[in-house]
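Following: one structure in structure tokens, then a few remarks.
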Amino acid sequence: MNPVTLIARKESGELLGSGRGLGWMLALSVILSVLALLLVSNTELSLLDNAQVVYMVMGTITALGGLLAIVLGSDAIAGERERGTLIPLLLTPITTTHIVLGKMGGLVAAWVLMYALSLPYLWAVGSSGQNLAQAIAYLALFGTPVVLGFGFYAVGLSARFGNVRTALLTALISLILLASPLLLGPSLRQSAIGQAFDAVNPFSAALNTFDSVVIDSQPLGMQLGRLAVTLAWLALTFWFAKRSAQTMEI
Amino acid sequence: MLIEIADVKLSLRGNPILNGVRLSMREGEIYGLLGPNGAGKSTTLAVLTGLRQADSGTIRVLGLDPARQRRELHHQMGVLAEDSGFYGWMNAPDYLRWMGRLYGREIPAEEAARRLAQVGLEGVARKAVGGFSRGMKQRLGLARALLTDPRLLILDEPTNGLDPRGRREIHDVLLALSRDRNVGILLCTHLLDDVDRLCSRIGIIHQGETLLEGNLAELLAEKTGANRYRLRLGKRVSAAGEVLPAGVKAVAREGGWLHLDLAPSLCPNTVWSALFASGWDIIEIHNEGSGLEALYLELTKTEVAA
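From first to last, the protein sequence lines are chains F and A.
Position 3 of the first sequence, counting from 1, maps to 3 under the numbering used here, and the rest follow consecutively.
Position 2 of the second sequence, counting from 1, maps to 252 under the numbering used here, and the rest follow consecutively.
Below, the structure written as structure tokens:
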């Protein structure tokens, strides 16, 4: 069996079969339940339209996916080092790239489960609207590279710092920075700096696409530039993780 | 030669860590790598296993260059690193089988059980590794190192945390591997007793440099020139009455014990007979070993002073 598959299966089993994984999924269900309840109430009171609500759920799932990715990614190599299990892995005939990809395999499994868990909530808030199918498809298409990119980024930090706490803190700050234009509101986003940052920010690219597709019903053809940004983010972070693992100090 | 390295140098952030390490080891040999904490032993092991790249020097392990042929090398060697960890939620057979797959080997359940029994881990199949004692983990680490049926085994403190019986069992496993399967074993340890019992050759590293390397018996004969014994004396011998035969020197007295150095040419039994004949009340005689500890302390002390 391919070493990447072996490590990914081990990671998935460890994550999803453990209390930690179940805790994550329970927390996700609670957050989405509360959010869906609030949003449906707002829709019923005509305070928000249906598409707006679906967009907000998609954004929340992507943000939570990013958070999950950096938590798991930060532990990927530094956690193995701290538990003394990294050296035995490095003493097998596998490469550091196998380790990085195997670790990401566990994250992919967690993201797939998270995505599957979010579908009933998307249906609950969006079934009466027109763009539910697009929402489900675009969450997979744009959310996946953004989330996995955060995972690769955190794995790279994990290899560079060799310490879970430092890697996690740095990755969290990066996530907050990338999400900051969205938190600061439309006026700052309209400035030249805001627009430039938006243009290269994968998080913004995903959210702007959700907005365009779900709220404004734009076609995929108009989202290709944003898709390129998210895919470039994925490729760049993969290179960063791979390079960091290859050059890490033992 | 299994290992042949010479004049290996390595610096980290401008600090010299290895400053001229040499080591040569043949098949079937058990080689003891000794040195104080921070001497560069673990870094030397990292260079030998390809985990670190030296700045300069000649390095051949199993005829390969560890820095460039790491994957080929890891197929042929077994390594037990110091404080190496395990996935606590797995049980020991599953862990061995999983690690085996990383080496490209499918290990049947019976083989996993046999390999665990080889290191004294019978009857733990259902227990999660997280519940193992330190000694049990050391044994599992040794079983992991043996997964590839290696020609070369590199062990960093393999008997750490083991009780005396456990240590003896691991010694027996290592001696059998060396004797029956011609496995070369590089043993890095602080326990001189392990080295005394197992190793035929030693190397002493201090401050990143190999100070001494060679056949253990020859080095001891050459460097210490004496065999040390410890005698427990009864009450009938007074200090004034301790007249020693030629070639025997009293080096220390601690409580009821007298430490003697015997010249290499002397037969100990002849000395004891002479002492008994002259009225010495000797209750116990201990061979203090080959003097390895004295050699080690003397060598590292001299270097520190220098």
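Ideal Cβ positions, reconstructed from N, Cα and C, are used throughout, including at glycine.
By the criterion of Cβ-Cβ separation under 7 Å, what are the contact partners of arginine 83 of chain F in chain A? Chain-ordered, the chain A residues with CB closer than 7 Å to the CB of arginine 83 of chain F read Gly335.
Just the chain F side, please: which residues come within less than 9 Å of valine 369 of chain A by C-beta, in chain order? Correct list: empty, because the minimum Cβ distance to chain F is about 15 Å.
Own chain residues within Cβ distance below 7 Å of serine 261 of chain A, not counting five before or after: Ile267, Asp305
Using a C-beta cutoff of 8 Å, does arginine 351 of chain A count as contacting chain F? In terms of beta-carbon proximity, arginine 351 of chain A lines the interface with chain F, with at least one pair separated by less than 8 Å.
With contact counted as at least three CB pairs below 8 Å, one residue from each stretch, are the region 221 to 228 of chain F and the region 67 to 83 of chain F in contact? Fewer than three pairs of CB atoms, one per stretch, sit closer than 8 Å, so the region 221 to 228 of chain F makes no contact with the region 67 to 83 of chain F.
Chain A contact residues for serine 18 of chain F, given Cβ-Cβ distances below 8 Å: Trp339
Give me the residue from F:Ser180, F:Asp216, F:Leu28, F:Leu122 with the minimum Cα distance to leucine 39 of chain F. Comparing C-alpha distances from leucine 39 of chain F to each of F:Ser180, F:Asp216, F:Leu28, F:Leu122 shows the shortest one belongs to F:Leu122.
At a CB distance below 7 Å, what residues from the region 299 to 327 of chain A approach chain F? Give them in sequence order. Thr299, Leu301, Arg302, Arg321, His324, His325
Contact set for leucine 397 of chain A: own chain, Cβ-Cβ below 8 Å, skip 5 residues either direction: Gly328, Leu346, Met349, Gly350, Tyr353, Arg355, Ile357, Arg365
List the residues of chain F that alanine 296 of chain A touches, going by C-beta distances under 7 Å, in chain order. Ile250
By the three-class DSSP mapping on this structure, what secondary structure does tryptophan 507 of chain A have? strand
Beta-carbon proximity list for glutamate 419 of chain A, same chain, < 7 Å, skipping 5 on both sides: Gly370
Segments assigned alpha helix (DSSP H), at least 4 residues, entirely inside the region 92 to 162 of chain F: 96 to 126, 132 to 138, 144 to 161
With distance defined between alpha-carbon atoms, name the residue in F:Leu15, F:Tyr138, F:Ser46, F:Gly84 nearest to lysine 103 of chain F. Looking at F:Leu15, F:Tyr138, F:Ser46, F:Gly84, the one whose alpha-carbon comes closest to that of lysine 103 of chain F is F:Leu15.
Of all the options A:Ile253, A:Gln457, A:Pro495, which has the alpha carbon lying nearest to the alpha carbon of alanine 513 of chain A? A:Pro495
Pick from A:Val493, A:Ile452, A:Arg320, A:Asp511 that is closest to isoleucine 94 of chain F, judged by C-alpha positions: A:Arg320
Among the candidates A:Leu436, A:Ala296, A:Thr460, whose CA atom is the shortest distance from the CA of alanine 317 of chain A? A:Ala296
Tell me, please, whether the CB atom of alanine 490 of chain A is closer than 8 Å to any CB atom in chain F? With a pLDDT of only 47 at alanine 490 of chain A, under the threshold of 50, the placement of this residue in the model should not be trusted; the figure read from the coordinates follows. By this cut-off, alanine 490 of chain A is not an interface position.
Can you name the residues of chain F whose CB is closer than 8 Å to the CB of tryptophan 348 of chain A? Leu6, Lys10
From the beta carbon of threonine 92 of chain F, is the nearest beta carbon of chain A less than 8 Å away? yes
Are any of the Cβ atoms in chain A nearer than 8 Å to that of methionine 1 of chain F? True, the Cβ-Cβ gap to chain A drops below 8 Å.
Identify whether leucine 396 of chain A lies in helix, strand or coil by the three-state DSSP scheme. coil
Anticipated Cβ contact below 8 Å, isoleucine 452 of chain A with tyrosine 337 of chain A, distance rounded: So it is not a contact: roughly 35 Å between Cβ atoms.
Could you give the residue range of the beta strand (DSSP E) that holds aspartate 257 of chain A? In this chain, the beta strand (DSSP E) harbouring aspartate 257 of chain A covers 253 to 262.
How is the alpha helix (DSSP H) around glycine 350 of chain A delimited, first residue to last? 342 to 352 is the span of the alpha helix (DSSP H), which, as asked, contains glycine 350 of chain A.
Out of curiosity, what's the CA-to-CA distance linking threonine 439 of chain A and valine 374 of chain A? If I take the Cα positions, the gap works out to 27 Å.
DSSP three-state call for isoleucine 77 of chain F: helix, strand or coil? coil
Contact under 8 Å by Cβ, leucine 175 of chain F with glycine 23 of chain F: no
Could you name the residues that DSSP lists as bridge partners for serine 306 of chain A? A:Lys259
Tell me, to the nearest whole angstrom, how far the beta carbon of valine 146 of chain F is from that of threonine 62 of chain F; I am working on the premise that it is less than 8 Å. Between threonine 62 of chain F and valine 146 of chain F the Cβ distance is about 6 Å, and since that is below 8 Å, they are a contact.
For threonine 520 of chain A, count the other beta carbons within 10 Å of its own beta carbon; 16 or more makes it buried, fewer makes it exposed. Which is it? Burial state of threonine 520 of chain A is exposed, judged by a 10 Å Cβ sphere holding fewer than 16 other Cβ atoms.
Counting only beta-carbon atoms, is isoleucine 173 of chain F nearer than 8 Å to chain A? For isoleucine 173 of chain F, no CB of chain A lies under 8 Å from its own CB, so it is not counted at the interface with that chain.
Neighbour-count burial assignment, isoleucine 70 of chain F, 16 or more Cβ in a 10 Å radius: buried
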